[in-house]
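To start, the structure under review is shown below, and the notes come after it.
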């Protein structure tokens, strides 16, 4: 089955070609949507076959590289179009194709009636193709092609409703901010290639060859520069401080797009890239510390913003930024498996949450349309009491909310708690560990609060929708609820593959599965820590911290229950008592305004100066000046060409007089 790995990205590419070239002529939505979903499902089936074959092999043999052909050969540089199968890439293609297929199915119902239906599925298939190329690429350059592909598709899908200025601006914002990060990715690639080649004659960007020669890299120094460059790329693609502001605006695209970007594809690319280059990152303690700090800071910062938002998709958007912070926190403390584990569980519950919000918006839009109301269908203040009208959406949404809140028994608990424990117990960062754990635990408490605030405002209490629209509220069709049911189940049970050892109920299957990918980094870490008194923590301490993190989450849920169920008038009183604080949080701590002041407006001013000052005055002035001089000479000289014979005779006589005078008086 390994030999057919090239089929995985090929199927979505076929969907792009069919719908892109013939979709406008086909017109039938079921055919267009069916082709798009079928192509991704075929990739999912091939991915399943590859995973099964991979699991049948001994642990040390779970690597396969398929080279299709030589892509670039120039001097000592050679790279192929090739695909790498190992436990990490196999897990990623399962997530991308599995969750991606459900989002495609959901989109058939959600996007019904859209004018650009074929265009939407073309972009969606192209997005899936690019992400599969990113995670399967056997070298940095092919990964970068997929990396740029998802960036392009994010621009196309976020700006799908291009007739809206807000959507166009959001698409451009995502594109520009990702280009900043991508510059770092390229610098990291060039520097890594140059260092190994110049100093050790190892001219390669192939992942397996890089891993085999990782021992040639020094500890710190140039490796810190390389890893920081790559991390700049990761902050852009995975929306971390300071390049996170594009992701909340990505909600301008259709809701299934948000689910695909936020859950299964683009934003996880940075986490995957660090996991893939773990053997490089582990050699720079400085970079690992920066990754951990940025991850923890992003987790708490984005979580605070989520507490004051009223748009249902915007709350989930900041939730994504925060959860990505947890993943980077795991990567920064050397817990690579925990980071990938949370990437997987997050794909399940966050896709369910975004698709659930889309189901709510779909029902609200339908009801408000029938009532001829122009209320915002995404504003939670216009909702309430939807539990009875939309029971399937409510139950699946609630299950995913419990999962993201980190309540025991649900998937998010296992992955989040593993990250928090590793942040506390890791031997890399010494006294910083307590701060990292505390920041993550508080961020988890904020997460529990704002997510249950969303649930209570949307599904419980009195229905605040326009009274004329109440009778038109109903559950979404099966094509929308089916993906919700599947993802809701995964949000509940998906974490049991990585159950912590301390619980002892099941083996940590995921840790054993991913061990071949990260074993080199773990061994290097142990070698570096020899003689440094690595701490060994008791199970009692781990249970205690686990219980404390759950208690913090329960406190967050309880506060949300008191404010939005028991005493719904309290939030208004709180905002009235602390208007400046609420205004700052609601306006996202004014970071967008700060960026406008520091970067956007100066760039606009510089552009206007170069246009009106340099281009118009200097460049156009020089061109127009030359033209004016030529015109002036022409205006004078044309007077000599009058067409009258006596004028020409007079000119000849004057010329003769001048010549004679010259020779007589010289």
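Residue numbers (the numbering used here): 49 to 714. A virtual CB, placed ideally from N, CA and C, is assigned to each residue, including glycine.
Measuring straight from C-alpha to C-alpha, what distance separates residue 367 and residue 669?
For the purposes of this step, residue 367 is identified with residue 319 of the chain shown, where counting begins at 1. For the purposes of this step, residue 669 is identified with residue 621 of the chain shown, where counting begins at 1. The straight-line gap from Cα to Cα measures roughly 53 Å.
Could you compute how far the alpha carbon of residue 290 sits from the alpha carbon of residue 350?
Indexing the chain shown from 1 puts residue 290 at position 242. Indexing the chain shown from 1 puts residue 350 at position 302. So the alpha carbons of these two residues sit roughly 12 Å apart.
Between which two residues does the beta strand (DSSP E) carrying residue 119 extend?
On the chain shown, position 71 is the one that residue 119 refers to. Element bounds for residue 119: 112 to 122.
Evaluate the contact criterion for the region 351 to 364 versus the region 420 to 430: three or more CB pairs, one atom per stretch, below 8 Å.
A contact exists between the region 351 to 364 and the region 420 to 430.
DSSP has residue 130 in a bridge; who is on the other side?
Counting from one through the chain shown, the residue named residue 130 turns up at place 82. DSSP output for residue 130 lists 115 as bridge partner(s).
Would you be able to state if there are at least three C-beta pairs under 8 Å between the region 212 to 229 and the region 98 to 117?
At 8 Å Cβ cutoff, the stretches do not touch.
Does the distance from the CB of residue 558 to the CB of residue 389 come in under 8 Å?
Position 510 of the chain shown, counted from the start, is the residue given in the question as residue 558. Position 341 of the chain shown, counted from the start, is the residue given in the question as residue 389. Their beta carbons are under 8 Å apart, which means residue 558 touches residue 389 by this criterion.
Under a CB-based cut-off of 8 Å, is residue 480 close to chain D?
The structure shown contains no chain D; it holds only a single protein chain.
Which residues in the same chain as residue 276 place their Cβ atom closer than 6 Å to its Cβ, once the five residues preceding and following it in sequence are excluded?
By 1-based counting over the chain shown, the position of residue 276 is 228. Result list for residue 276: 335, in chain order.
In terms of DSSP beta bridges, what is residue 125 paired with?
Walking along the chain shown from the start, residue 125 turns up at place 77. 122, per the DSSP bridge assignment.
Just how far apart, CA to CA, sit residue 151 and residue 279?
The residue you call residue 151 lines up with position 103 of the chain shown. The residue you call residue 279 lines up with position 231 of the chain shown. Roughly 29 Å separates the two Cα atoms.
In the DSSP output, which residue or residues are listed as bridge partners for residue 185?
As a position in the chain shown, residue 185 is number 137, starting the count at 1. Answer is 131.
Taking the Cβ atom as the reference point for each residue, do residue 476 and residue 489 lie within a distance shorter than 8 Å?
The sequence position of residue 476 within the chain shown is 428, counting from 1. The sequence position of residue 489 within the chain shown is 441, counting from 1. No, these two residues do not count as a Cβ contact at 8 Å.
By Cβ distance, which residues of its chain are closer than 8 Å to residue 243, with the 5 residues on each side in sequence left out?
Here residue 243 corresponds to residue number 195 of the chain shown, with the count starting at 1. Correct list, in chain order: 265, 270, 274.
Quick check on residue 711: does DSSP put it in helix, strand or coil?
Stepping through the chain shown from its first residue, residue 711 is reached at position 663. In the structure shown, residue 711 sits in a helix (DSSP, three-state: H, G or I).
How many Å lie between residue 514 and residue 430 at the Cα?
Along the chain shown, one-based indexing puts residue 514 at 466. Along the chain shown, one-based indexing puts residue 430 at 382. Between residue 514 and residue 430, the C-alpha separation is close to 8 Å.
Look at the alpha carbon of residue 570 and the alpha carbon of residue 494, and state the distance between them as a whole number of angstroms.
Position 522 of the chain shown, counted from the first residue, corresponds to residue 570. Position 446 of the chain shown, counted from the first residue, corresponds to residue 494. Taking the straight line from one Cα to the other gives about 32 Å.
For residue 118, count neighbouring C-beta atoms within 10 Å of its own C-beta (all shown protein chains included) and say buried if the count is 16 or more, exposed if not.
Here residue 118 corresponds to residue number 70 of the chain shown, with the count starting at 1. Answer is exposed; the Cβ neighbour count stays below 16.
Between the region 340 to 354 and the region 308 to 318, do at least 3 Cβ pairs fall closer than 8 Å?
Counting Cβ pairs under 8 Å, fewer than three are found: no touch.
Does DSSP classify residue 514 as helix, strand or coil?
Here residue 514 refers to the residue found at position 466 of the chain shown. Coil.
What residues are listed by DSSP as bridge partners for residue 254?
Numbered from 1 along the chain shown, position 206 holds the residue referred to as residue 254. BP columns for residue 254 point to 187.
Measure how close the beta-carbons of residue 332 and residue 272 come, nearest whole angstrom, since I'm counting them as under 8 Å.
Along the chain shown, one-based indexing puts residue 332 at 284. Along the chain shown, one-based indexing puts residue 272 at 224. That belief holds up - the Cβ atoms of residue 332 and residue 272 are roughly 4 Å apart, short of 8 Å.
Whose C-beta lies closer than 6 Å to the C-beta of residue 240 among residues of the same chain, with five residues either side of it excluded?
On the chain shown, position 192 is the one that residue 240 refers to. 274, listed in sequence order.
Do the region 602 to 617 and the region 322 to 332 touch if we need at least three Cβ pairs shorter than 8 Å?
Judged by Cβ distances under 8 Å, the region 602 to 617 makes no contact with the region 322 to 332, as fewer than three pairs qualify.
Is the distance from the Cβ of residue 177 to the Cβ of residue 60 below 8 Å?
Translated into positions along the chain shown, residue 177 becomes position 129. Translated into positions along the chain shown, residue 60 becomes position 12. Contact: yes.
Where does residue 644 fall in DSSP's three states?
Taking the first residue of the chain shown as position 1, residue 644 is located at position 596. Helix at residue 644.
Flag this pair as touching only if the region 246 to 261 and the region 198 to 205 have three or more C-beta atom pairs under 8 Å; answer yes or no.
Short answer: they don't touch.
Can you tell me the Cα-Cα spacing of residue 450 and residue 601, whole angstroms?
Position 402 of the chain shown holds residue 450. Position 553 of the chain shown holds residue 601. Using only the alpha carbons, I get a separation of about 10 Å.
Among 71, 216, 215, which has the Cα closest to the Cα of residue 166?
In the chain shown, the residue the question calls residue 166 occupies position 118. It is 71.
Identify the continuous alpha helix (DSSP H) that holds residue 83 and give its terminal residues.
Taking the chain shown and counting its residues from 1, the one referred to as residue 83 is at position 35. Counting along the chain, the alpha helix (DSSP H) containing residue 83 begins and ends at 77 to 104.
Could you tell me whether the Cβ atoms of residue 626 and residue 539 are closer together than 8 Å?
Looking up residue 626 in the chain shown gives position 578. Looking up residue 539 in the chain shown gives position 491. Contact flag unset, no.
What number of angstroms, rounded off, separates the C-alpha of residue 581 from the C-alpha of residue 225?
Your numbering for residue 581 matches position 533 in the chain shown. Your numbering for residue 225 matches position 177 in the chain shown. Any reading at residue 581 must be qualified, since the residue scores a pLDDT of 49, below 50, and its modelled position is unreliable; the value itself is stated next. Rounded to whole angstroms, residue 581 to residue 225 spans 43 Å at the Cα level.
Between residue 146 and residue 112, what straight-line distance do the alpha-carbon atoms span, to the nearest angstrom?
On the chain shown, residue 146 is found 98 positions in, with the first residue counted as 1. On the chain shown, residue 112 is found 64 positions in, with the first residue counted as 1. Going from the Cα of residue 146 to the Cα of residue 112 covers about 22 Å.
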